[in-house]
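Colleague: Below is a structure I'd like to ask you about.
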Amino acid sequence: MPQSVFSVILAAGNGVEAPTFSLTTMHQRQYGYFTADYREFVITEPRTPRPWFNYMWNSCYTGLISHTGGGFSCLESPRDNRITRMRYNSLPWDRPGRYVLVKDVESVADRYWSLSWAPTIQLNYDRYECHHGQGYTRIVTELNGIRGEITYFVPTDVDAELWLVSLKNVTERSRSLELYTFTELLMGNALNDLINQPNDKHFPDVHFDRQRQALVATRRYWVLNKKVSVAQPNLAWGNWVLFGQSLPVTGFDGSLDRFIGRWRSETNPIAVETGEMGNSEITAGDPVVALQSRLHLAPGEKEEVAIALAVVPRSETELDDPFEAIAWSELVDVDRARQRLRQVQQKWDGYLSTFHVETPDEAFNASLNVWNPYQAAVTFDMARNAGFYHGGLLFGTGMRDRFQDILGVVMVEPQRVRDRLLDALRYQFQDGSTLHNFFKLTGWGERTNHSDTPLWVPFGIVEYLKETGDRSILDEMVPFYDEGEATVYRHVVKALEWAVANLSDRGLPKIQNGDWNDTLDHVGPHGQGETVWGAFFLGYVLKQSLSLFEFIKDEENLARFRRAYEALRKATNDYCWDGNWYVRAFRDNGKPIGCAAHKQGQIFLNAQSWAVLSGLAPQERAAAAIAACRDHLATPYGMQICWPAYTKVENDVGLISRCVPGKKENGAIFNHASSWFVLAALTHGEVDFAYDIYHRMLPLRADLDSDRREVEPYVFPEYVTSPEHPTEGQGSHTWLTGTAVWMLRIGLDAILGFKTTLTHLEIDPHIPSYWAGFRARRKYRGKSISLTVRNPDGCNLGVTSMIVNGRTQAHNRIDVSQWDENTLNVDVVLGARAQ
Ligand code: NOJ
-11 MPQSVFSVIL AAGNGVEAPT FSLTTMHQRQ YGYFTADYRE FVITEPRTPR PWFNYMWNSC
49 YTGLISHTGG GFSCLESPRD NRITRMRYNS LPWDRPGRYV LVKDVESVAD RYWSLSWAPT
109 IQLNYDRYEC HHGQGYTRIV TELNGIRGEI TYFVPTDVDA ELWLVSLKNV TERSRSLELY
169 TFTELLMGNA LNDLINQPND KHFPDVHFDR QRQALVATRR YWVLNKKVSV AQPNLAWGNW
229 VLFGQSLPVT GFDGSLDRFI GRWRSETNPI AVETGEMGNS EITAGDPVVA LQSRLHLAPG
289 EKEEVAIALA VVPRSETELD DPFEAIAWSE LVDVDRARQR LRQVQQKWDG YLSTFHVETP
349 DEAFNASLNV WNPYQAAVTF DMARNAGFYH GGLLFGTGMR DRFQDILGVV MVEPQRVRDR
409 LLDALRYQFQ DGSTLHNFFK LTGWGERTNH SDTPLWVPFG IVEYLKETGD RSILDEMVPF
469 YDEGEATVYR HVVKALEWAV ANLSDRGLPK IQNGDWNDTL DHVGPHGQGE TVWGAFFLGY
529 VLKQSLSLFE FIKDEENLAR FRRAYEALRK ATNDYCWDGN WYVRAFRDNG KPIGCAAHKQ
589 GQIFLNAQSW AVLSGLAPQE RAAAAIAACR DHLATPYGMQ ICWPAYTKVE NDVGLISRCV
649 PGKKENGAIF NHASSWFVLA ALTHGEVDFA YDIYHRMLPL RADLDSDRRE VEPYVFPEYV
709 TSPEHPTEGQ GSHTWLTGTA VWMLRIGLDA ILGFKTTLTH LEIDPHIPSY WAGFRARRKY
769 RGKSISLTVR NPDGCNLGVT SMIVNGRTQA HNRIDVSQWD ENTLNVDVVL GARAQ
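Residue numbering for the sequence shown follows this note's numbering, beginning at -11 and increasing consecutively.
Structure, rendered in structure tokens:
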């Protein structure tokens, strides 16, 4: 990142020792580096501890792509509508994939190799680079005097993936090459493929269209059951898959068996080894789309090839030509493919221009400017669903995730967020409760009775309003999942009514089958167990909703839910304080969970964080709870979710006690929960400490050991193993985690101080005292807010002066509707020191 003229005010000069950040070490990492602008992570050593993934997608078509070309694709649903295969339960973990093998027909050694390193991984390449950027992955290789480049991406405007290949002969002699491009198809229900493949393989068709020189595939039968079962729906899979390329085709295969050959795998397909494609077309069997081409390259000559895999709905093309329906010739045109790649890149340039930050912490800047918003966008579109760790077979879209994930994109794409919110509200019942998860294509989901899930509805709607001020959403009519329909506003109120109706006699929420912590699932099987975190979370949502009732002047709901909020203040403080922190829950028999007197699970992070965030903890209890977290839960990578981890099973707690100690919810550094703690500590005013934890959590930190961490150094994992396990520091479940959206918003709103409210933007930075200032800009309700903060006295917070477009303000609020100018230059001086 270029040094800025602003750096003079970023330099620490207040006696507090600042961490040192060196530009060179910031970019270099094990196994690769970040480009100067951080827009790409470039892997230079393919033998990473695990496959390091990226995403390419548009509103319908999604592909996961590893740094070796592995991964799968799907249309809308990774379970119900999978296009290509991924083999679960095997090593390497990213097989199969989208491969282009090159064969030098005249050489003897290393006769064929892959342009993405895998699957012919036994070879040492002269050059290998995988550039993961936003929406594309480019792999550059050099072997046997051939420089190869393959760029995988999904265009913005068509349900397809394009592989743009270039081959250059860097030797002094002419080269005769064969090119083999292939990927294994699934076409349909991925779960069914996994459990019933011997039967399912009787339904695919693959044939070669001689006119277009392309393969055409479909499946005659589609298992689109709500659940996979022995019941057999009477349905065809509704699509054609088309696979072709810009080079003339010299051979093809639609049969995986024929292409790979007996007792072989994708590392050594018989067709590649012998040079003889089977020209197989299938009406049953395992489908592949594999094409062979030949090319000659003079010394120094370069050739480019566009390869396309596209999906066309069958219903629309039954009588028509699927190739016409998708403007096929443009898809396999190199120039047009290059244009489409530029469109993807421009889309991301635009996306990432919504905000920009310049602070003294380079890892923070790179995270907020590039990788964190990118991960948040992925999380928004994939839910906890289309992922490498979340295999896409079980869960569908989570309701609580759906309503939280909007946080990460609402600043950029408010209309898409609005549509998503309206769509997700359809999964709410008349009584205010909701499904826990749902599957997009079937509309089916489960009512798991998690006590927190319905409350994310008001949470999401209020957050949307805070960003956009779009009150019209409240009047939209949305059907209930069972019967009837109501306005969005009514849906919100019903969720609150449901929560308040499900309190115990003591006024704490009944935990039912669990709360946000999915593994506290046997705390209250008899209906008496209570959740203390849930009480604070309800308090937080009520508080947020009170501001909504105030905003729209609904006095009746304001009064009754204010009473509910105050009742929670009493109940939580009467029953839930353990002496130094709040307990986490109460079992059916009233016995608490999360007490100092216990041998395991003494203290739980979320109960403390949300006690503060809800505003229900008195000042001294808030301080004590935060100090207890600092003492017991802080690690070099963030905050543990609880401590000590469970080593003995407790049947009246649940799955948490069966998880390996130090991993997952059993004491891991659970980043989602850790981010909430950062917010709580900031809210409480412990800014230096909060920022320190935020920084420890950043995957872009230059000092992380990738061999220990194992996962991608550019995205947050769901959890990092805690010191309570020998694999301390190991990350897992990257990409799809609520961490992404919370870290982004905590960075922008709570640290840099762009605090959105229903009526205005409040400028309220909470920065480390060693920052002498920062600059940041953000779009808000149609205006560009350009913020410059100076911190001459080494403070953490407290706006002592604010000037907007040259006019001194008497407060730190900006009501953008009062300003005619499109750009507001906001100059702020901080002046208060906290903690
Ligand atoms: C992952 C789920 O996606 C999330 O909703 C849940 O709250 C956490 N696990 C914690 O259990």
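Here a beta-carbon is modelled for each residue, glycine too, at the ideal position from N, C-alpha and C.
So the alpha helix (DSSP H) residue 522 belongs to, where does it begin and stop?
Modeller: Note, residue 522: alpha helix (DSSP H), 520 to 540.
Colleague: Starting from the Cα of residue 103, find the closest Cα among 391, 74 and 170 and give me that residue.
Modeller: It is 170.
Colleague: If you count every other CB in all the chains shown that lies within 10 Å of the CB of residue 449, and 16 or more means buried, which is it?
Modeller: Classification for residue 449: buried.
Colleague: If you follow the beta strand (DSSP E) that residue 51 is part of, which residue opens it and which one closes it?
Modeller: Per DSSP, residue 51 belongs to the beta strand (DSSP E) from 49 to 54.
Colleague: Based on DSSP bridge pairs, tell me the residues matched to residue 627.
Modeller: Bridge partners of residue 627: 622.
Colleague: Considering only C-alpha positions, which residue in the set 152, 275, 218 and 113 is nearest to residue 172?
Modeller: The option with the nearest alpha carbon to residue 172 is 275.
Colleague: Quick check: residue 630 and residue 567, are their CB atoms within less than 7 Å of each other?
Modeller: Their beta carbons are not under 7 Å apart, which means residue 630 does not touch residue 567 by this criterion.
Colleague: Would a C-beta distance cut-off of 7 Å place residue 581 and residue 667 closer than the cut-off?
Modeller: No, they are not a contact pair.
Colleague: Near residue 467, what residues of its chain come up, given a Cβ to Cβ distance below 7 Å and the 5 sequence neighbours on each side ignored?
Modeller: Once the five neighbours on either side are set aside, the close Cβ partners of residue 467 are 414 and 473.
Colleague: Taking the alpha-carbon of residue 158 as reference, which of 419, 402, 115 and 198 has the nearest alpha-carbon?
Modeller: If we check each option's Cα against that of residue 158, 115 comes out closest.
Colleague: For the putative contact between residue 329 and residue 149, defined by C-beta atoms under 8 Å, what is the C-beta separation to the nearest angstrom?
Modeller: About 12 Å; that fails the 8 Å criterion.
Colleague: Output the distance between the C-alpha atoms of residue 501 and residue 640, rounded to the nearest integer angstrom.
Modeller: Residue 501 and residue 640: Cα-Cα distance of roughly 12 Å.
Colleague: Check whether the Cβ of residue 646 sits closer than 6 Å to any heavy atom of ligand 1, and report yes or no.
Modeller: Because no heavy atom of ligand 1 lies under 6 Å away, the Cβ of residue 646 does not count as near it: no.
Colleague: Quick one: Cα of residue 356 to Cα of residue 335, how far?
Modeller: Taking the straight line joining both Cα atoms gives about 18 Å.
Colleague: Can residue 504 be considered in contact with ligand 1, in the sense that its beta carbon sits closer than 6 Å to one or more heavy atoms?
Modeller: For ligand 1, at least one heavy atom lies less than 6 Å from the Cβ of residue 504.
Colleague: Which residues in the same chain have their Cβ closer than 7 Å to the Cβ of residue 738, if we skip the five residues on either side of it in sequence?
Modeller: 667, 670 and 754, listed in sequence order.
Colleague: Check the DSSP bridge columns for residue 62 and list the partner residues they point to.
Modeller: Residue 62 is bridged to 50 and 70.
Colleague: Can you check whether the CB of residue 729 is closer than 7 Å to the CB of residue 364?
Modeller: Taking 7 Å as the Cβ cut-off, residue 364 and residue 729 qualify as a contacting pair.
Colleague: Considering only C-alpha positions, which residue in the set 140, 133 and 134 is nearest to residue 890?
Modeller: Lying outside -11 to 823, the shown extent of the chain, residue 890 is not represented and no answer is given.
Colleague: When the Cα atoms are used, what is the spatial distance from residue 200 to residue 300?
Modeller: Near 15 Å, if we compare the C-alpha coordinates of residue 300 and residue 200.
Colleague: Report buried or exposed for residue 382, applying the criterion of at least 16 other Cβ atoms within 10 angstroms of its Cβ.
Modeller: Flag for residue 382 reads exposed.
Colleague: Could you check whether the stretch 254 to 267 touches the stretch 303 to 318, counting it as contact only if at least three pairs of C-beta atoms, one from each stretch, sit closer than 8 Å?
Modeller: No: fewer than three Cβ pairs fall under 8 Å.
Colleague: Does the beta-carbon of residue 434, which I'm using as the reference point, lie nearer than 6 Å to any heavy atom of ligand 1?
Modeller: Result no, Cβ not under 6 Å from ligand 1.
Colleague: Could you work out which residue in 231, 209 and 215 is closest to residue 222 when comparing CA atoms only?
Modeller: Closest by alpha carbon: 209.
Colleague: Along the chain, where does the beta strand (DSSP E) containing residue 164 start, and where does it finish?
Modeller: Looking at the DSSP string, the run of the beta strand (DSSP E) that includes residue 164 is 163 to 176.
Colleague: Do you know offhand how far residue 11's Cα is from residue 133's?
Modeller: Residue placement at residue 11 is poorly supported in this model, since its pLDDT is 44, which falls under 50; the coordinates still yield a value, given next. Approximately 34 Å, taken between the alpha carbons.
Colleague: In the stretch 568 to 619, which residue ranges form an unbroken alpha helix (DSSP H) of at least 4 residues, counting only runs that do not cross its ends?
Modeller: Complete alpha helix (DSSP H) runs here, min 4: 593 to 601.
Colleague: For the stretch 521 to 536 against the stretch 588 to 604, do three or more pairs of beta-carbon atoms, one drawn from each stretch, fall closer than 8 Å, so that the two count as touching?
Modeller: With a cut-off of 8 Å, the stretch 588 to 604 and the stretch 521 to 536 count as touching, because enough Cβ pairs lie within range.
Colleague: On the criterion of 16 or more Cβ atoms from any shown chain inside 10 Å, does residue 499 qualify as buried, or is it exposed?
Modeller: Answer is buried; the Cβ neighbour count reaches 16.
Colleague: With a threshold of 8 Å on Cβ separation, who are the neighbours of residue 9 within its own chain once the five nearest residues in sequence on each side are excluded?
Modeller: Any reading at residue 9 is ruled out, since the residue's pLDDT is 45, under 50, leaving its predicted position unreliable.
Colleague: According to DSSP, simplified to helix, strand and coil, what is residue 864?
Modeller: Outside the modelled stretch of the chain, which goes from -11 to 823, sits residue 864, for which no answer is possible.
Colleague: Quick one: what does DSSP say residue 109 is sitting in, helix, strand or coil?
Modeller: Three-state result, residue 109: coil.
Colleague: Taking the straight line between their C-alpha atoms, what separation do you get for residue 823 and residue 663?
Modeller: For residue 823, the predicted model reports a pLDDT of 46, less than 50, meaning its position is unreliable; a value from the coordinates is still stated below. Each residue's Cα considered, the two are about 20 Å apart.
Colleague: Give the range of the beta strand (DSSP E) segment to which residue 449 is assigned.
Modeller: Run containing residue 449: none in the beta strand (DSSP E); it sits in the alpha helix (DSSP H), 444 to 456.
Colleague: Mind checking residue 87: buried by the 16 CB within 10 Å criterion, or exposed?
Modeller: By the neighbour-count rule (16 or more Cβ atoms within 10 Å), residue 87 is buried.
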